[in-house]
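**Student:**
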Amino acid sequence: MSDDSMNDSRRRFLKASGAGAVALTLAGCSDGGNSGDGQSTGNDSSSETENDTPAQNTTDPNEVTRGGTFTVGMDQQPKGINPLSTSSAYSWSILDFVYCWGTTIDPVNFNVNPSAYTEWTVENAEGDDASPDVYFNVRDGLTFSDGEDLTVEDVIFTYNYMMEKKPGRYVSAMEPVETVEEADNDWDVHMKLAQPIGTYDSTQLQVPLLPKHVWENVDDYQAYQPQENGGPIGAGPGEITTYSPDTAIEVTFRDEAPLQNLQWLKDHENLLAGGPFIDSVRFKIYGSQSALTQAFLNGEIDTLYSSIETSKVEQVQNTEGMSIVKGYDTGYAHYSFNLRRTPLDDTTFRQVLGFAYDDIYWTQQLQRGYVQEGDFVMPPGYSAVRPDAGGDGELLTGAATQAFTFRGVDASSSEVNVEGIRQFLTDGQVVTGESGSFVGMDYPGSLTDVSAGQSEAKHDYTFGPVESSVLQDADVDQEIRVNGETITSMNDGPLQMLIYPAKDSPKAAQMVERYVNNLRSVGIPIERKVMTFNTMLNAVYANEEFDIFPMSWSSLSPFGASSLYSLFHSDNADDHSEDNTDTLLNNPMGYGLFEDASADDLISQCRTEMDTETRNNLAKQAVEQIYLDFPTMINSYSQVQWPVNSGKWTGFVGNIPGPGDSYLGTNINQVHLKDSGN
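Using the numbering used here, you'd call the opening residue of the sequence shown number 1318 and step up by one each time.
1) Among the candidates T1967, F1654, V1961, whose CA atom is the shortest distance from the CA of N1635?
2) Can you tell me where the beta strand (DSSP E) with P1867 in it begins and where it stops?
3) Can you name the start and end residues of the alpha helix (DSSP H) that L1582 belongs to?
4) May I have the straight-line CA-CA distance separating Q1542 from V1381, to the nearest angstrom?
5) Cα-Cα, which of M1848, G1781, G1907, T1665 is closest to N1655?
6) Check each candidate in S1772, F1780, G1753 and name the one with the smallest Cα separation from E1736.
7) Return the bridge partner residues of K1509 from the DSSP annotation.
8) In the structure shown, what three-state DSSP assignment does W1418 receive?
9) Per DSSP, which residues does Y1434 bridge with? Please list them.
10) What whole-angstrom Cβ distance do K1775 and T1949 have, given they're in contact under 8 angstroms?
11) What would DSSP say about D1960, mapped onto helix, strand or coil?
12) Have a look at L1981 and S1640 and give me their C-alpha separation to the nearest angstrom.
13) Looking only at C-alpha atoms, which of L1919, L1401, R1831, G1745 sits nearest to R1932?
14) Here's a check: name, in chain order, each residue in its chain whose Cβ is nearer than 7 angstroms to the Cβ of S1963, leaving out the five neighbours to either side.
15) Write down the C-beta distance between G1551 and Y1416 rounded to the nearest angstrom, noting that I regard them as a contact closer than 8 angstroms.
16) What would DSSP say about W1679, mapped onto helix, strand or coil?
17) Mind checking whether the beta-carbon of N1477 lies closer than 6 angstroms to any heavy atom of the ligand HEM?
18) Which word fits P1395, buried or exposed, when buried means at least 16 other C-beta atoms lie within 10 angstroms of its C-beta?
19) Between V1389, L1459, P1549, which has its C-alpha nearest S1402's C-alpha?
20) Of the residues F1600, L1588, I1943, L1579, which one's Cα is nearest the Cα of N1561?
21) Using DSSP with H/G/I as helix, E/B as strand and the rest coil, what is W1966?
22) Among T1718, G1801, V1688, which has the Cα closest to the Cα of P1660?
23) Out of A1878, Y1649, D1457, which one is the CA nearest neighbour of D1917?
24) Keeping to the same chain, check which residues put their C-beta closer than 6 angstroms to that of L1990; ignore five residues upstream and five downstream.
25) Ordered along the chain, which non-local residues of its own chain (more than five positions away) have a Cβ less than 6 angstroms from that of L1527?
26) Alpha carbon to alpha carbon, how far is A1716 from S1953?
27) Do N1835 and A1673 come within 7 angstroms of each other at the CB atom, strictly closer than that value?
28) Assess contact between the segment 1602-1609 and the segment 1444-1451, defined as three or more Cβ pairs (one per stretch) separated by less than 8 angstroms. Is contact present?
29) Among P1842, S1869, N1904, L1873, which has the Cα closest to the Cα of A1859?
30) Starting from A1939 and walking both ways along the alpha helix (DSSP H), at which residues does that stretch end?
31) Look at the alpha carbon of E1495 and the alpha carbon of I1398, and state the distance between them as a whole number of angstroms.
32) Can the beta-carbon of N1454 be found closer than 7 angstroms to that of E1436?
33) Rounded to a whole number of angstroms, what is the C-alpha to C-alpha distance between Q1681 and F1723?
34) If you follow the beta strand (DSSP E) that M1906 is part of, which residue opens it and which one closes it?
35) Would you call the segment 1757-1773 and the segment 1786-1794 touching, i.e. three or more CB-CB distances under 8 angstroms?
36) Which of the three DSSP states is assigned to V1598 in this structure?
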């Protein structure tokens, strides 16, 4: 879902910041559940490339040719440059260079490293009633773009301003913070937390630091327009020198960027300290994805935001002076189900929806191998919190990740195994996490020793004569009954699969047609309902009026906890106990609201666990619990292919998550001219 379209209160995820930090922003969701017909991120279907880590950087920063303007194209204009009110991913690709954060996440190994804060510690974080004390020191020598020094007073002001104003973008980060004040010991700042937060160093310590002398005069943060008041002003390496959001925005880099010269960067094997090496970065706005792609192919821009259309990948690879930078998805594409509705409230029925989805048709035929088959709610690049990471298993390929893969009549068939799926339903089976054979495929059992919330079907399934018109038209021999009733009579109509207009997402439309036909052949009455993206947002996230919907999440947290909480905890689902809340919550499925479909306990433990290894193991368990309960079907992960002008520029970092969007800033801090002749 586009960041622009979502309520700020929903933006609570980690998004990689361009200035080498990680800002607390929400994952974006996008139309189409990787429906992005045309948006690709990869060039093969394997789970690993020949070189699946960034190349070692042997460049001497003192020998780099500095200067030049690097131009990035975007197909949408940013939605403002107020850091407290905009959640547009396009806006933050620009603002990332203006602001700085306390800590930063290494895009290669996800270590949390110093940035504006030099060091930090936590005390009193153990025990049932723990109330942690976080202490940290603020780096000397940082200045705002207007020349004023960044001080401890600015840092304390930032937290207290956000705690008072509660900007939706930072509500989640500020919620557990009780006080932030000057420390009365050898540390600079003392932050008191109401409860342990295992990822405090990458959440509470990662908010953009505001200049007190500017923001103390801003009462209505939502109405504030920085560009009309000499701003935005931050302590990052750049300042916005041109702001024409309909056409172009330019960020000019200051002479000194101390946060790009820290020791951890100097010691890094894959990254180059000393950037930015360019004079400025210009963002040019185009009216459509096709216009943006053509601009790159014509040499008008040096790269484009995110990825190139799949149909253009080979053209880029075969054109002199153009290259593809590979990377990993930071999220996933999904079809998700409304657990408030029968029979979608039953794990047995939801799992069957996975059996009918033809993964090979989507990944290989429609997407030509530019996406990977989906399984868990954490992408392959975030291996620390995936159940199949470590041990003897391989990411994406193990049998335990194939529990709900497509069931054909045989291993090579695209014809769905109707009889096998029907028997799974009538037998009341559930893939619980125990080993067994299900619809012709062996399942070795849970990787983390978790179990599904149900051990048997919730409803009684039978098949009889066809009554529903959608099945009569489909020439199906039998129709499903749920506790003796047809779905159509029970719900006043067939199940509805929401879909975007075919002209917007033709490949997604083809996939849904195949999927709907497969479900109908089983005897499940289902129809497609076409909606525009914004209409679907309202239906799904505002009103929870849906059966099945497609979308994509990106910029998830590599640590798992915050993303799992926001997307799958019952705190972020509307239980409709007192009508329907106006707040747009990230868990429209209602997962966690019901005892037989919930990972709440594991997610809550994961959020508060301070030990990294223990927290990662809890995240893995929560991820696999969600997989078995199946409130959402992960249909694919993108394999990122970011196109760049390699004839003029070098220094690009590949094989990291989102090199052209989430970690676009990392690359802009690394890129430099190939030689002085350019």
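All residues carry an ideal CB built from backbone N, CA and C; glycine is no exception.
All values derive from a computational prediction rather than experimental measurement.
**Tutor:** Walking through what the data contain:
1) V1961
2) 1865-1870
3) 1580-1583
4) 37 angstroms
5) G1907
6) F1780
7) D1450, T1496
8) coil
9) V1455
10) About 18 angstroms; that fails the 8 angstroms criterion.
11) Here the sequence assigns Pro to residue 1960, which means Asp is not the residue at that position. Strand at P1960.
12) 16 angstroms
13) L1919
14) G1638, M1639, S1640
15) 4 angstroms
16) helix
17) Of ligands this structure carries none, so the ligand HEM is not represented either.
18) buried
19) P1549
20) The sequence given here places Ser at residue 1561; Asn does not occur at that position. For the residues F1600, L1588, I1943, L1579, the minimum Cα distance to S1561 belongs to F1600.
21) strand
22) G1801
23) A1878
24) T1382, G1385
25) T1475
26) 17 angstroms
27) yes
28) no
29) N1904
30) 1929-1946
31) 28 angstroms
32) yes
33) 14 angstroms
34) Run containing M1906: none; DSSP gives neither H nor E here.
35) no
36) strand
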